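Inspection log for the structure reproduced underneath, given as structure tokens.
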Amino acid sequence: MTDFLDLGMHIYRTHTCNELRATHAGDTARLSGWVFRKRDHGGILFIDLRDHYGVTQVVVHPSRPFFDELTRLHVESVITVTGSVTRRDPETVNPDIPTGEVELVAEACTVESVAEVLPLVLAGEEEAGEEARLKYRFLDIRRDRVHRNLLLRSGVISHVRRQMEAQGFHEYQTPILTSSSPEGARDYLVPSRVHPGKFYALPQAPQMFKQLLMVGGFDRYFQIAPCFRDEDARADRSPGEFYQLDIEMSFVTQDEVFAVVESVLHSTFTRFSGKTVDSAPWRRIPYREAMLKYGSDKPDLRIPLEMCDVTEVFRQSGFKAFAGAIASGAVVRALPVPGIKTQPRSFFDKLVEYAMGLGAKGLAYLVWDGDVVKGPIRKFLTDAELGALAQAGAMRDGDVMFFFCDEASAAARVGGDIRCKLGRDLGRVEKDVFRFCWIVDFPMYERDSETGAVAFSHNPFSMPQGGLEALDAADPLSILAYQYDVVCNGVELSSGAIRNHSPEIMYKAFALAGYSREDVESRFGCLLNAFRYGAPPHGGIAPGIDRMVMLLAGEENIREVIAFPMNQKAQDLMMQAPATVSEKQLRELHIQLRGAPREAGQAKAPPAQKEP
RNA sequence: GGGGGAGUGGCGCAAUUGGUUAGCGCACCGGACUGUCGAUCCGGUGGUUGCGGGUUCGAGCCCCGUCUCUCCCGCCA
């Protein structure tokens with residue numbers, strides 16, 4: 044192949060594997076990439092050569108000296124091929140790939156890297172198990188689907204940055220090694236070598252820093268910010284670490300924060316998907332209304348079903364199971380579902396079973412069939428009561444109404460779950476659409492279900508609606524906060540708030556949750572202190588980047604949009620993290636382990652022998 | 001911390017529900033083949049059914065323990 048090297052060509056490639064077209068026919072070209080597929084006809088060998096950009100077919104004739112070597116070469120080996128770009132015969136054109144009109148007829152070839160037999164299959168539809176995929180993630184991300192997801196992620200982040208900057212925001216970095224925060228999720232701790240017995244913490248979010256940037260006069264902050272929380276994973280929640288589009292603004296109202304997010308998210312979702320995206324302004328749903336109608340503070344608005352409260356209809360009714368529960372504080376929520384009276388009995392029986400699996404004591408329902416109402420609880424109700432229910436749910440022939448009777452939060456939880464299940468099972472989830480909404484007016488406080496004490500329901504730094512005076516309310520649970528969530532298709536993308544920038548209001552707000560002045564000073568002294576030297580009213584929000592990309596990619600699991608994710612137990616199976624460390628490292632950090640680590644054999648040095 | 005599902009050659013799956021030699025596809029090795037694009041055809045190698053114990057004439061299947069993965073609840077201001 045020295046002849047070709049002498050032509051002054053780049054030693055690896057003159058084009059990518061997605062560049063050659065019919066117009067290149069007759070040219071000499073050089074490509075490098077992975078052997079994606081081989082088709083060996085004995086007398087002729089076809090290789091699909093793949094790189095980041097695409098696939099090009101390489102043709103190898105048996106007269107070539109490298110023919111035998113390429114025949115035996117394993118897929119995913121890396122080669123450089125030089126040859127002439129040749130137009131394919133009309134009947135051999137491959138319309139499925141952009142380079143399908145041509146092929147590269149190999150004249151010279153270098154094997155750059157021989158691949159061993161792969162531990163997982165890359166070509167085709169088959170997907171390896173999670174464990175294998177994560178252990179060999181560097182192979183897994185060669186697969187087209189994951190590769191495209193990561194490109195999408197890159198595009199989304201780039202686009203978001205441009206949008207934020209166009210709106211006058213600036214990106215600032217905040218510390219990764221910081222101090223442990225007393226509220227919220229468990230921190231990841233990092234021991235200090237210089238200060239024996241002391242620890243840094245990784246930030247759960249740059250919350251304090253972005254507020255301090257506002258105090259520092261920067262006005263419009265954003266950051267694609269890494270966040271670290273030592274909490275257990277979910278399908279839509281990456282364990283350990285994730286990224287937020289962290290935003291904070293000075294001298295703003297809640298509506299101005301909404302306008303920024305609506306603009307950026309609408310632009311991003313429109314640009315990176317073909318689906319319909321709700322145009323701004325998005326629906327604002329008060330928290331209590333969301334819990335009543337959808338049984339959730341992250342309602343999936345693609346499902347055209349809504350609950351209503353029918354407690355009063357049942358309070359004095361002859362249906363003692365409900366009336367009795369209502370007398371001791373329960374509510375009754377009704378979910379009308381149009382046009383399902385023809386569903387078989389088994390449909391309803393399974394649903395009852397499902398509801399009981401969720402912790403409900405049962406699932407009552409009524410069927411509107413022509414002029415009559417049927418169902419297991421029909422006999423307990425008067426015509427007047429049935430009329431009231433029909434009116435509450437706008438019931439028509441063929442409709443069915445389900446009832447959830449329980450303490451309010453349990454009724455909402457079960458009803459909300461069944462609303463979503465019915466939406467899915469009945470095929471009534473609106474397709475190809477991103478439905479956004481804001482959940483607003485979150486309560487400032489809630490009652491701790493275990494202790495019964497009044498506790499912050501969300502962010503303790505939120506401004507109570509009505510300010511200082513509002514905190515004098517007789518019932519703290521009635522106080523609302525300038526606290527909001529943005530929700531898309533049933534996925535919570537973000538929480539945010541207008542912050543409490545007044546030390547006096549902070550003391551009082553914390554006092555209601557049982558914190559003394561001294562508690563507040565010691566736990567949040569830095570922020571409190573900053574607010575004593577001139578703090579602008581400010582607020583912000585922090586949409587989750589991973590979840591946005593997950594929605595745009597149409598993936599069910601957040602790992603599919605992260606290059607090197609950890610598994611559910613927060614282990615990196617590829618890098619083998621977390622891992623034991625040497626005794627020397629521990630000594631430098633003034634750390635003595637309480638017990639011998641179970642996999643002590645993997646440590647390079649013996650673990651600490653003494654118990655503390 | 002709790003509950004559900006799963007673990008069978010390198011990979012993805014099956015095994016008539018306790019029955020004889022654990023099958024299939026891909027990959028791998030060998031052979032045939034000059035136009036395929038998931039090439040095709042012929043032949044072959046490869047398995048202590050996660051691990052340990054138990055029940056049974058007999059266990060991939062049932063029971064107990066244990067490990068691993070996954071989904072959910074708790075948790076995630």
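Sequential numbering from 44 applies to the first sequence in this note's numbering.
Where is the CB? At the ideal position from N, CA and C, for every residue including glycine.
Here the structure is a predicted model, which is why all the values come from computation and not from measurement.
Quiz item: In terms of residues, what are the limits of the alpha helix (DSSP H) holding residue 304?
Solution: Start at 1 with the first residue of the first sequence, and residue 304 comes out as number 261. The continuous alpha helix (DSSP H) containing residue 304 extends over residues 297–314.
Quiz item: DSSP puts residue 77 in a beta bridge; with which residues?
Solution: In the first sequence, the residue the question calls residue 77 occupies position 34. For residue 77, the pairing in a beta bridge is given by DSSP as 93, 121.
Quiz item: Grouping DSSP H, G and I as helix and E and B as strand, with all else coil, what is residue 485?
Solution: One-based indexing of the first sequence puts residue 485 at position 442. In the three-state reduction of the DSSP assignment, residue 485 falls in the coil class, being assigned neither a helical nor a strand state.
Self-check item: Segments assigned beta strand (DSSP E), at least 3 residues, entirely inside the region 342–390
Solution: With a minimum length of 3 residues, the continuous beta strand (DSSP E) runs that stay inside the region 342–390 are 374–380.
Quiz item: Once you ignore the five residues that flank residue 279 on each side, which residues in its own chain have a CB closer than 7 Å to its CB?
Solution: Along the first sequence, read from residue 1 onward, the residue named residue 279 stands at position 236. When the five nearest sequence neighbours on each side are left out, the beta carbons in the same chain lying within less than 7 Å of the beta carbon of residue 279 are those of 534, 590, 593, 601, in order along the chain.
Quiz item: Are at least three pairs of beta-carbons, each pair with one atom in the region 249–260 and one in the region 576–588, less than 8 Å apart?
Solution: Contact between the region 249–260 and the region 576–588 is present, with at least three C-beta pairs closer than 8 Å.
Quiz item: Which stretch, first to last residue, makes up the alpha helix (DSSP H) that contains residue 114?
Solution: What you label residue 114 is simply residue 71 of the first sequence in a count that begins at 1. Per DSSP, residue 114 is one residue of the alpha helix (DSSP H) stretching across 110–115.
Quiz item: Looking at residue 384 and residue 443, is the spacing between their C-beta atoms short of 8 Å?
Solution: Start at 1 with the first residue of the first sequence, and residue 443 comes out as number 400. Start at 1 with the first residue of the first sequence, and residue 384 comes out as number 341. The Cβ atoms of residue 443 and residue 384 sit closer than 8 Å to each other.
Quiz item: Below 8 Å, can you find three or more Cβ-Cβ pairs linking the region 327–337 to the region 419–428?
Solution: Judged by Cβ distances under 8 Å, the region 327–337 makes no contact with the region 419–428, as fewer than three pairs qualify.
Self-check item: At least 3 beta-carbon pairs within less than 8 Å: the region 135–151 vs the region 175–192
Solution: Short answer: they don't touch.
Practice problem: Could you tell me whether the Cβ atoms of residue 287 and residue 271 are closer together than 8 Å? | Solution: The residue given as residue 287 occupies position 244 in the first sequence. The residue given as residue 271 occupies position 228 in the first sequence. Contact flag unset, no.
Practice problem: Identify the continuous alpha helix (DSSP H) that holds residue 190 and give its terminal residues. | Solution: Taking the first residue of the first sequence as position 1, residue 190 is located at position 147. Residue 190 -> alpha helix (DSSP H) spans 187–209.
Quiz item: Mapping DSSP to helix, strand and coil, what is residue 528?
Solution: Working through the first sequence from its first residue, we reach residue 528 at position 485. Looking at residue 528 - three-state DSSP - the assignment turns out to be strand.
Quiz item: Roughly how many angstroms lie between the CA atoms of residue 260 and residue 209, to the nearest whole one?
Solution: Stepping through the first sequence from its first residue, residue 260 is reached at position 217. Stepping through the first sequence from its first residue, residue 209 is reached at position 166. Approximately 19 Å between the Cα atoms of the pair.
Exercise. Might you give, ordered along the chain, the residues of its own chain that have their beta carbon closer than 6 Å to the beta carbon of residue 225, omitting 5 neighbours on each side?
Key: Within the first sequence, the letter at position 182 stands for residue 225. Counting only Cβ-Cβ distances below 6 Å, and skipping sequence neighbours, we find 566.
Practice problem: Closer than 8 Å by C-beta to residue 199: which residues in its own chain qualify, once you throw out the five before and the five after it? Chain order, please. | Solution: For the purposes of this step, residue 199 is taken as residue 156 along the first sequence, with counting starting at 1. Within the same chain, residue 199 has close Cβ partners 311, 315, 588, 591, 592, 595.
Quiz item: If you scan the region 430–517 from start to end, which runs of the beta strand (DSSP E) of 3 or more residues do you find wholly inside it?
Solution: Whole beta strand (DSSP E) segments, 3+ residues: 443–449, 479–483, 488–490, 497–499.
Self-check item: Inter-residue spacing [alpha-carbon to alpha-carbon] between residue 350 and residue 394
Solution: Here the question's residue 350 lines up with position 307 in the first sequence. Here the question's residue 394 lines up with position 351 in the first sequence. Those two C-alpha atoms are separated by around 17 Å.
Self-check item: Buried/exposed call for residue 459, threshold 16 Cβ in 10 Å
Solution: Within the first sequence, numbered from 1, the residue matching residue 459 stands at position 416. Residue 459 comes out buried.
Quiz item: Helix or strand or just coil, what does DSSP make of residue 519?
Solution: The count along the first sequence starts at 1 and reaches residue 519 at position 476. In the structure shown, residue 519 sits in a helix (DSSP, three-state: H, G or I).
Practice problem: Quick one: residues in its chain with C-beta nearer than 6 Å to the C-beta of residue 560, no 5 flanking neighbours on either side, listed in chain order? | Solution: Working through the first sequence from its first residue, we reach residue 560 at position 517. Taken in chain order, the residues that qualify are 550.
Exercise. With DSSP as the reference, please indicate the residues paired to residue 584 in a beta bridge.
Key: Your numbering for residue 584 matches position 541 in the first sequence. For residue 584, DSSP records a beta bridge to 290, 539.
Quiz item: Three-state secondary structure (DSSP) at residue 266?
Solution: Here residue 266 corresponds to residue number 223 of the first sequence, with the count starting at 1. The answer is strand: DSSP assigns residue 266 an E or B state.
Quiz item: Just checking my contact of residue 542 with residue 506 at CB under 8 Å: how many whole Å lie between their CB atoms?
Solution: As a first step, residue 542 must be located in the first sequence, where it is residue number 499. As a first step, residue 506 must be located in the first sequence, where it is residue number 463. For residue 542 against residue 506, the beta-carbon gap comes to about 6 Å, under 8 Å, which counts as contact.
Quiz prompt | Supposed close pair residue 147, residue 101 - CB separation, criterion 8 Å | solution = Here residue 147 is taken as the residue at index 104 of the first sequence, counted from 1. Here residue 101 is taken as the residue at index 58 of the first sequence, counted from 1. That pair is a contact at about 5 Å.
Exercise. Could you tell me whether the region 65–84 touches the region 92–110, using the rule of 3 or more Cβ pairs below 8 Å?
Key: At 8 Å Cβ cutoff, the stretches touch.
Practice problem: Reducing DSSP to helix, strand and coil, say where residue 71 ends up. | Solution: The residue you call residue 71 lines up with position 28 of the first sequence. It is a strand residue.
Quiz item: Do residue 110 and residue 92 have their C-beta atoms within less than 8 Å of each other?
Solution: On the first sequence, position 67 is the one that residue 110 refers to. On the first sequence, position 49 is the one that residue 92 refers to. No, Cβ-Cβ distance for residue 110 and residue 92 is not below 8 Å.
Quiz item: How many Å lie between residue 500 and residue 540 at the Cα?
Solution: Residue 500 sits at position 457 when you count from the first residue of the first sequence. Residue 540 sits at position 497 when you count from the first residue of the first sequence. Answer to the nearest angstrom: the Cα atoms are 13 Å apart.
Quiz item: Going along the chain, which residues of its own chain have a beta-carbon closer than 6 Å to the beta-carbon of residue 186, five neighbours each way excluded?
Solution: Position 143 of the first sequence holds residue 186. A distance below 6 Å between beta-carbons, with the five flanking residues on each side excluded, links residue 186 to the following residues of its chain, in chain order: 165.
Exercise. Indicate the three-state DSSP secondary structure (helix, strand or coil) for residue 184 in the structure shown.
Key: To locate residue 184, count along the first sequence from 1; it is residue 141. Reduced to three states, the DSSP call for residue 184 is coil.
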